[in-house]
Structure formats: C-alpha cells, structure tokens
Amino acid sequence: MDENEISKIVFESALKVHKVLGPGLLESAYEECLFYELKKHDLKVEKQVALPLIYEDVKLDVGYRIDIIIENKFIVEIKSVEALNDVHLAQLLTYLRLSKCKLGLLINFNVSLLKNGVKRVINGTL
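So in the UniProt record's numbering, spot 91 of the sequence shown is number 91, and the numbers just go up one at a time.
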C-alpha cells in the first residue's frame, strides 16, 4: 500500500472519529480513537514511537515521539489546538526528515469541520 492510499484511510478514519467525538477533547483521546480505527484496516500501526536524533554517529534520545506511524512510512501528528501554526508544521517536517518518511498528515481535531484542520505534509528532502 502506498502513502496516498494510507493517507485516504487516515483521513476517512479521522473523519469518523471527529464525527463521533466532535472538537474540544484532549489530543490523547483523539489519538487513541484514531489508533483504534486504523487498526481495523489491518495496517501496521504504532503510536507514541520514540524517534532518536542521530548526530555524528551518536544516537541521542531528545524526547521526540511520533503520535502515529503507519507501515513505517506514513506519520500522523495529532493536535487539538485553536489553530495550527508554523511550529506544528515544522514538528511534522522534522519527524518526516528524521524518520525518512515521505508523507504525513497534521490533523487538528479542535475544528468544527475536520477538512479545515488537516494539512498534508511532504518530506522534500528525500
């Protein structure tokens, strides 16, 4: 399954979660529900995956954690904030670069229409 197919599944699953829960909950609630929905699709889905930083052949644990990674090639970063801003985008871009993944979705569940809270992010350094 390629990244675009995974992206479609993630968006549809997030839409279902948002429809049931609505806006206003903590990120962790959306993460658990989205994780549950994605597991139904027989995908390899992991949550809160540690992402080390490699610097001059040294692996450093600097506390980076990927919210959800699918098939080791697609990252989902979940937010529940008033508005997405540049730092959220930079965070996902960093995760994509460090993990060598090509594509990810930044999803803000704290919106009335979920499509207004989703940003597709491409790793342009590959």
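Where a beta carbon is used, it is the ideal one built from N, C-alpha and C, also for glycine.
Item, Value
"Relative to the alpha-carbon of residue 46, which residue among 77, 63, 62, 21 has its alpha-carbon at the smallest distance?", "77"
"Return the CA-CA distance between residue 90 and residue 123, expressed in angstroms with no decimal places.", "11 angstroms"
"Measure how close the beta-carbons of residue 110 and residue 80 come, nearest whole angstrom, since I'm counting them as under 8 angstroms.", "4 angstroms"
"Tell me the rounded alpha-carbon separation between residue 98 and residue 58.", "14 angstroms"
"Based on the DSSP output, what are the partners of residue 108 in its beta bridges?", "79"
"Below 8 angstroms CB to CB, which residues in the same chain sit around residue 64 once its five sequence neighbours on both sides are set aside?", "50, 51, 52, 53, 94, 95, 98"
"Enumerate in chain order the residues of its own chain whose CB-to-CB distance from residue 125 is below 7 angstroms, with the five nearest sequence positions on each side excluded.", "97"
"Do you know offhand how far residue 114's Cα is from residue 18's?", "7 angstroms"
"Is residue 62 helix, strand or coil when you go by DSSP?", "coil"
"Can residue 7 and residue 38 be called in contact, C-beta distance under 8 angstroms?", "no"
"Pick from 41, 26, 73, 30: whose alpha carbon is nearest that of residue 104?", "73"
"Helix, strand or coil, according to DSSP, for residue 37 in the structure here?", "helix"
"Give me the Cβ distance between residue 34 and residue 68, rounded to the nearest whole Å; I'm assuming they're in contact under 8 angstroms.", "7 angstroms"
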